[in-house]
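Numbering (the working numbering), first residue to last: 1309 to 1819.
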C-alpha cells in the first residue's frame, strides 16, 4: 500500500499559501460526480454545476422513480447544450439494501435505552416501538450483541439523524433491539445496515433489472454503479444482463472493492465506516485506490463534504480529507446528499473542485510515474511504452496539454494511468461498426465515458479525422486555444496512430 505523496519545492511562505489561485478553464483534473435530485434538477442549477466542474451526473434510484429521473435527465440534456459541456450519466442501483418505509413521513424519535422491535410485518406503522423492514430473513442473519445502524441518510456520521441499535434477542421473525443513542428519524425511507453481516439478498435485484432495462436502456447510460458489490461474479452477472439489453458499451463501477472485473470502483465510505473500525477506514481507502492506480482503473471516493448539505463551507477536516484523497491518487469525488438534497449544490461542486486543484498542484507526479513503471515491469507492451513516453515528454518539456487521438478511449486511459500534471485532450474519432442488422458509428459513449477518467477531456470529431492527419491536429489545437487550455508559444505533446505505428511528437504553437 502506498500513501498520498506531496511535492513541495523549497520552504513554503504563508503569504504564498494565502494568495488566491488563478482559476483555469479546467477547475480540476480530478473529476466530480454530482447526484441530481430535488435541490439540483432544474436546468439552471444543473447548468451552473456543469460550469463549476461536474462531469458525471448520478441518478440514485433508492428513493426516486423513473418518471422523476426522466424529467431530470431531460433537463440535463438542455443544460448540456446551453453550457456547451459534455456530461456522462451514471445509474446507481439499489441492490440488497434494507429499508424502513415511513409512509406517513412523520418524524420518529428514538431515545437511548428504549426498546424497539424490527419486524417484516409491512402492515405495522413505523413508530418508536416498531420498525417494519423489507426483509423477512433478518432473524436468521443476526444474533445477540450485533450492531444495527438506521437512518434516512444513514452514513452521514451524524448521530442526531441516525441511530445505533444493539440486538438483544430474536423472536419468531422479529428482532428486539436496544436503542444506543437518542435520534430523530425523518423522511419517507430509512436505510438499515447490519455491521459485518452478509444479507442474503441478490446484489442485482429484480427492480434494478427493471430500471436498467427501461430507464437505463432508454437513456443509453454511460455507467452503472453496482451497489454492495461483494464478489467478481456480481460484476459478471450485471455485464451479462447489460448484453441482453444491448448496453454493450455501458461501463460498470463496483461499490466497494471488486477491481478485477469492474471498469472502476466507488469507495462508498459510508458503508466502510460501518463495516470497519474508524481507525481502519483510511488504510482500506489508500489500499483500494493504490490497486486501482496500478491497473489504470478509476477510483472514486464518496462522503467527503457531508456538512455542505446544510452549510456553505466544509469543515477543515473535510477540506483536508478531499485533498488527501487527491494525493492518494483518486480519480474522482462523488457528491451524494451534498447535491441531491443539499442547500448549496453549486457551491459544493465549486468548493470540491478548488480543493482538488490545489492538491493537484503539489501532487508528486514523478513518484507516481515511477511506481507505475515499476509495477508494469519489463518488457512493456507497445501501447504502454508509447503512452508512458508521451507523459514523460510532457513532464520534461513542461507541455500545456497532451493531445491523444482515439476511437475506443483506450489510448487516453493509458495516458491517464500515469496521472500527467496537465490535461489530456482526447480527440475521439467515431468508428463504423455493424451487428449484422445495421451499420452504426461508435464514439459518443466512448467520449462521455472518458469524463470519468482523471484529467481527460474528450472532444468528439467526425469519422474522416481518422485519415485527415495534420487537419485533425489543427482542430485539436484550435479547440485547446478556444477553451483556454493553450496560449501562444505553448507546447503540446501529441500521441496518435499513423498507419500501423504509434507516434509521439512535440509541437509548439506560434507566438
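Backbone N, C-alpha and C fix where the C-beta goes; we use that ideal spot for every residue, glycine too.
- Rounded to the nearest angstrom, the gap between the Cα atoms of residue 1678 and residue 1733 is 23 Å.
- Measuring C-alpha to C-alpha distances from residue 1639 to each of 1621, 1586, 1449 and 1721 identifies 1721 as the nearest.
- Residue 1533 places its beta carbon 8 Å or farther from that of residue 1760.
- For residue 1804, the enclosing beta strand (DSSP E) covers residues 1799 to 1806.
- In the pairwise beta carbon analysis, the region 1571 to 1589 is classified as not touching the region 1667 to 1684: fewer than three pairs are separated by under 8 Å.
- Residue pairing by DSSP leaves residue 1674 without any beta bridge partner.
- In the three-state reduction of the DSSP assignment, residue 1398 falls in the strand class, which pools E and B.
- Distance between residue 1570 and residue 1550, taken at the CA atoms: about 13 Å.
- Judged by beta-carbon spacing, residue 1609 lies beyond the 8 Å limit of residue 1582, meaning their Cβ atoms are not closer than that value.
- Less than 8 Å separates the beta-carbon of residue 1507 from that of residue 1449.
- Rounded to the nearest angstrom, the gap between the Cα atoms of residue 1615 and residue 1626 is 8 Å.
- Residue environment analysis places residue 1563 among the buried positions, since at least 16 neighbouring C-beta atoms fall within 10 angstroms of its C-beta.
- Closest by C-alpha distance to residue 1763, out of 1358, 1595 and 1363, is 1363.
- Remark: C-beta atoms of residue 1536 and residue 1404 approach each other more closely than 8 Å.
- A Cβ-Cβ contact shorter than 8 Å links residue 1509 with residue 1443.
- Below 8 Å, enough C-beta pairs join the region 1416 to 1424 and the region 1478 to 1489 to call them touching: three or more.
- C-alpha of residue 1757 to C-alpha of residue 1712: approximately 15 Å in a straight line.
- Restricting attention to beta strand (DSSP E) runs no shorter than 3 residues, the region 1465 to 1540 encloses them at 1470 to 1479, 1482 to 1487, 1491 to 1493, 1497 to 1502 and 1531 to 1534, ordered along the chain.
- Put simply, of 1438, 1790, 1555 and 1634 the residue whose alpha carbon is nearest the alpha carbon of residue 1593 is 1634.
- For residue 1767, the uninterrupted beta strand (DSSP E) run begins and ends at 1764 to 1768, by DSSP.
- Only buried fits residue 1366, as 16 or more other CB atoms lie within 10 angstroms of its CB.
- Residue environment analysis places residue 1796 among the exposed positions, since fewer than 16 neighbouring C-beta atoms fall within 10 angstroms of its C-beta.
- Beta-bridge partners of residue 1440 (DSSP): 1427.
- When the beta-carbon positions are compared, residue 1391 and residue 1418 stay at least 8 Å from each other.
- In the three-state reduction of the DSSP assignment, residue 1365 falls in the strand class.
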